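Asks:
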Amino acid sequence: MGTQVSVSSATRTRIAYRVGRQERLLALDALRAIALFSMALDHAAASVWISLQAETYGGQPALLESWPHWVAGLFTNLAAPTFWLLSGVSLALFEAARLARGAAPRDITRHLLIRSGLIIMLDLTVCWLAWNGKGPYLHVLLSIGLGLAIMTLARLLPTRVLGIFLAIAIPGYQVLLPLFAPLLSQTNHFWIALLITYSTTTVPATEFSLLGWMPLMGLGYLLGGQVRIGRLRQPLHWLAMGMGLLGLWLVLRLVGGFGDLTPFAPGQPWYYFLIMSKTPPSLSYLSFNLGISALLLAALLALQDWLEKPALRWLAVCGQVALFFFVLHLVAYGLIGKLITALALPLPGMVRAVGLWAVGLSFLVPLAIGYRRLKVRKPQSVLRYL
């Protein structure tokens with residue numbers, strides 16, 4: 001007579017959650033969460049029409065406001081480069097995890113293409129409608145979704161071929177940047193903006209060109225391969241990488257020219273040394289922000305055990321549901337921003353922006369934690385694509 005062992009749904013959920021966490025590098029999730037929070041500050045400020053500009057566009061001079069604005073802007077600038085790079089890292093780790101479970105490569109490709117399509121659909125529907133900023137919505141998820149679809153196919157190439165392509169594409173784009181940026185920035189042609197530069201006048205508007213930003217996803221995919229096989233998991237690796245990137249940034253800014261679309265000019269205030277071209281993305285901008293992100297990752301890896309503790313566990317969990325957080329934060333800040341604008345509160349702009357950001361995070365974080373638990377309970381539902 002056999003003995004039956006019953007396992008409750010709650011127990012299965014806890015076991016699956018622990019297994020899922022062990023398969024992940026929590027420091028990467030925590031870094032993604034920091035990028036999410038920095039992006040949320042930018043969008044919270046935009047929803048009450050407060051500028052946090054600390055970057056240039058199309059090679060044009062920056063129009064900076066008082067120091068609290070541009071200091072906050074330097075923080076928010078971490079978001080985009082970090083997201084693009086970590087998207088590639090996540091792709092490599094996801095592929096490895098699925099292969100380890102016996103999934104066929106074609107099934108992995110199918111899953112990733114479906115996910116890409118859902119990202120694009122959410123961007124063109126919910127995110128676009130929810131946007132409440134002063135300027136147009138710039139469709140970052142559209143670019144990321146298309147980039148993910150392309151990388152889903154590009155990952156089938158030999159690693160060496162992909163590496164050679166990136167070694168040509170990244171510096172090649174920087175060589176051509178001074179030539180096409182003045183001519184093609186703010187173009188009226190959507191596909192030129194999407195592929196090469198940017199435009200706030202096309203429908204849809206687009207800030208994140210595929211040629212400028214997608215190589216970061218490819219680079220992240222190659223780095224993810226090294227993380228997957230056990231390399232690049234020590235804080236010292238990322239500390240050295242971060243210092244190297246910041247050293248490259250310093251050289252680019254001091255020399256000017258290649259990789260530095262808006263060089264620092266004598267006579268400018270000292271802090272303009274930190275103001276670089278985000279769109280189109282210059283190598284100085286990318287190396288500065290990715291250097292800081294690498295240093296943050298080094299610190300998070302050193303604190304890896306702490307990320308398991310309740311005091312910090314929420315940080316990694318938020319990073320594990322980045323797409324959910326992104327879509328929800330646009331809806332939340334859009335609605336609350338309209339309410340604050342209607343109330344016409346007599347508060348300084350930065351107080352309104354930071355206050356809105358904090359209020360939003362106070363319920364976005366618990367919702368993200370709840371959504372993560374729901375995904376674990378329903379691993380085969382449509383939520384696995386989100």
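If you're matching positions, the sequence shown starts at 1 in my numbering and goes up one per residue.
Even for Gly, the Cβ is constructed at its ideal location relative to N, Cα and C.
As the structure is a computational prediction, the values presented were derived from the model and not from experiment.
What span of residues does the beta strand (DSSP E) with residue 277 cover, start to end?
Replies: 276-279
Asks: What are the partner residues of residue 257, as DSSP defines its beta bridges?
Replies: 260
Asks: With burial defined as no fewer than 16 other Cβ atoms inside 10 Å of the residue's Cβ, what is the status of residue 110: buried or exposed?
Replies: exposed
Asks: Between which two residues does the beta strand (DSSP E) carrying residue 57 extend?
Replies: 55-57
Asks: Could you tell me which residues DSSP puts in a beta bridge with residue 206?
Replies: Residue 206 is bridged to 199.
Asks: Run through the segment 286-352 for me and flag every whole alpha helix (DSSP H) of 4 or more residues, listed as ranges in chain order.
Replies: 310-320, 322-343
Asks: From this set, 380, 318, 328, 353, which residue's C-alpha is nearest residue 126's C-alpha?
Replies: 328
Asks: Please state whether the Cβ-Cβ distance between residue 314 and residue 40 is less than 9 Å.
Replies: no
Asks: Mark residue 238 as exposed unless 16 or more other C-beta atoms lie within 10 angstroms of its C-beta, in which case mark it buried.
Replies: So residue 238 ends up on the buried side.
Asks: Here's the rule: buried if 16 or more other CB atoms are within 10 angstroms of the residue's CB, otherwise exposed. What is residue 189?
Replies: exposed
Asks: Using the Cα positions of residue 25 and residue 183, report the straight-line distance between them to the nearest angstrom.
Replies: 43 Å
Asks: Compare the Cα-Cα distances from residue 143 to each of 117, 226, 318, 346 and report the closest residue.
Replies: 117
Asks: Kindly indicate which residue of 247, 27, 59, 213 has the alpha-carbon position closest to the one of residue 185.
Replies: Measuring from the Cα of residue 185, the nearest candidate turns out to be 59.
Asks: Report, in whole angstroms, the separation of the C-beta atoms of residue 333 and residue 139, which I expect to be a contact under 8 Å.
Replies: Their Cβ separation, rounded to whole angstroms, is 17 Å, which puts residue 333 and residue 139 out of contact at 8 Å.
Asks: Looking at the secondary structure, which residues open and close the alpha helix (DSSP H) in which residue 159 lies?
Replies: 159-184
Asks: Distance, Cα to Cα, residue 274 vs residue 68?
Replies: 14 Å
Asks: For residue 107, does the count of other Cβ atoms within 10 angstroms reach 16, so buried, or fall short, so exposed?
Replies: In the assembly as shown, residue 107 is an exposed residue. Its beta-carbon has fewer than 16 other beta-carbons within 10 Å.
Asks: Alpha carbons only, please: which of 208, 221, 34 is nearest the one belonging to residue 152?
Replies: Of the candidates 208, 221, 34, the one whose C-alpha sits nearest the C-alpha of residue 152 is 221.
Asks: Compute the distance between the beta-carbons of residue 36 and residue 325, then report whether it is under 9 Å.
Replies: yes
Asks: From residue 389 to residue 193, what distance separates their C-alpha atoms?
Replies: The structure shown has nothing for residue 389, since the chain only spans 1 to 386.
Asks: Output yes or no for whether 9 Å exceeds the beta carbon distance between residue 148 and residue 170.
Replies: In this structure, residue 148 keeps its C-beta atom at 9 Å or more from the C-beta atom of residue 170.
Asks: Counting C-beta neighbours from all protein chains within 10 Å, is the total for residue 271 16 or more, i.e. buried, or is it exposed?
Replies: By the neighbour-count rule (16 or more Cβ atoms within 10 Å), residue 271 is not buried but exposed.
Asks: In chain order, what are the residue ranges of uninterrupted alpha helix (DSSP H) at least 4 long that sit wholly in the segment 91-121?
Replies: none
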